[in-house]
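If you want it as structure tokens, here you go:
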């Protein structure tokens, strides 16, 4: 045995004689259950809202129902389709090798960035649609829709702030993963 | 083809918990940070273990999950956390060596030195200290064995220098 092996063994001994690890399994199992319940509630609520909106649109013949129908097919469905398409191949693979995981994380960040860009477009489309509707451009709504326009702009402004924060976060994470990938390749 | 039944989280943590806690120490300076990281690793293992089919050694699978979760946490931190050039000069928020017993003092010095290493050298060295072979480390990190050997060598030289200071 040479000096270098002795040195490594000494480090390994020092390193391993530590305190017992904290017990984390109970909290992990509880967290997992909470996430699952939250996901189920989220899906159930989305399904309920979608069903209720469709029922309203199909069984009432008002202008609002027709506009909702147009909004649903013109903006909602394409947005949902894009979200599903954009997530293809991005399953969570924490059991992949480090290099494969970083490559996947980079793809996730780039797709996330694309989703944020698409959200700006959808937000602009929704605002344009609502402003046109409330200002009577379709000659179907009462022309005095100033409250509706004000509400649309207020909600859009809040959403825009949230979207910009998400944009910054995704860009930062992308830069971090690019740095890690460079180090892996070095 | 017959697959190995997936082990439970409890069984995996009973076998690898201490080792994972030590690996966590190379990423997180504070006890709270380490516990959070271990918690995240346990949660990721809970989700990943049903996919374990025995294609690789259980240890390789577990260390992959742990190092990937640690990387993911690093990527979510503020940008300067990954500024590897600046790490050496940054104060480490861990306990001061003076407040620790002699054994713990030596362990903390080693942990501090490990945390100062560039990320991939740190990953390699933390697994070397756990007794993994270069082949096993290569499988965990997705590097070649040669690459692992080079990084382990660089890390050891650097650690020696820091520990002798």
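Protein chains in written order, with the UniProt record's numbering: chain U, 1 to 186; chain S, 1 to 165.
The C-beta atom is built at its ideal place from N, Cα and C for all residues, glycine as well.
All values reported here derive from a predicted model rather than from experimental measurement.
Taking C-beta separations shorter than 8 Å and ignoring five residues to either side along the sequence, the partners of residue 37/S in its chain run 24, 27, 28, 69, 70, 73, following chain order. Under the criterion of beta carbons closer than 8 Å, residue 129/S and residue 15/U qualify as touching, at roughly 5 Å. Looking at 136/S, 112/S, 138/S, the one whose alpha-carbon comes closest to that of residue 165/S is 112/S.
Under the 7 Å criterion on CB atoms, residue 24/U is classed as interfacial with respect to chain S. In this chain, residue 143/S is not harboured by any alpha helix (DSSP H), its DSSP state being neither H nor E.
Proximity of residue 67/U to chain S, defined by a Cβ-Cβ separation below 7 Å, is not satisfied. Taking a beta-carbon distance threshold of 7 Å, residue 31/U counts as an interface residue toward chain S. Going by beta carbons, residue 115/U and residue 86/U fall inside the 7 Å limit.
Not a single C-beta of chain S is nearer than 7 Å to the C-beta of residue 178/U.
For the set 95/U, 163/U, 12/U, 185/U, the Cα lying nearest the Cα of residue 121/U is the one of 163/U. Neighbours of residue 173/U across chain S, judged by C-beta separation under 8 Å: 75, 76.
If you ignore the 5 residues before and after residue 65/S, its C-beta comes within less than 7 Å of the C-beta of 41, 44, 45, 48, all in its own chain and listed in chain order. DSSP, reduced to helix, strand and coil, places residue 57/S outside both helices and strands of the structure shown, so it counts as coil.
The three-state reading of DSSP puts residue 145/U in coil, since its state is none of H, G, I, E or B. If you look at residue 32/S, you'll find it in the alpha helix (DSSP H) that goes 31-48. Here DSSP, grouped into helix, strand and coil, assigns residue 119/U to helix. One Cα belongs to residue 5/U, the other to residue 113/U, and the distance between them is close to 48 Å. Of all residues in the region 128-144 of chain S, only 128, 129, 130, 131, 138, 139, 140, 141, 142, 143 come within less than 9 Å of chain U when Cβ atoms are compared, listed by chain position. Look at residue 68/S: its C-beta is under 7 Å from a C-beta on chain U. One Cα belongs to residue 154/U, the other to residue 161/U, and the distance between them is close to 11 Å. Look at residue 17/S: its C-beta is under 7 Å from a C-beta on chain U. Of all residues in the region 99-113 of chain U, only 99, 100, 101, 102, 105 come within less than 8 Å of chain S when Cβ atoms are compared, listed by chain position.
Under the 7 Å criterion on CB atoms, residue 27/U is classed as interfacial with respect to chain S. For residue 161/S, there are no C-beta contacts with chain U under 9 Å, since the nearest C-beta of that chain is about 12 Å from it.
Per the coordinates, the alpha-carbon of residue 20/U lies some 56 Å from the alpha-carbon of residue 126/U. At a C-beta separation below 8 Å, residue 120/S has these neighbours in chain U: 183, 184, 186. Rounded to the nearest whole angstrom, the C-alpha separation of residue 118/S and residue 27/U is 31 Å.
Residue 53/U: member of the alpha helix (DSSP H) spanning 25-59, first to last residue. Excluding five sequence positions before and after residue 96/U, the CB atoms of its chain that fall closer than 8 Å to its own CB belong to 104, given in chain order.
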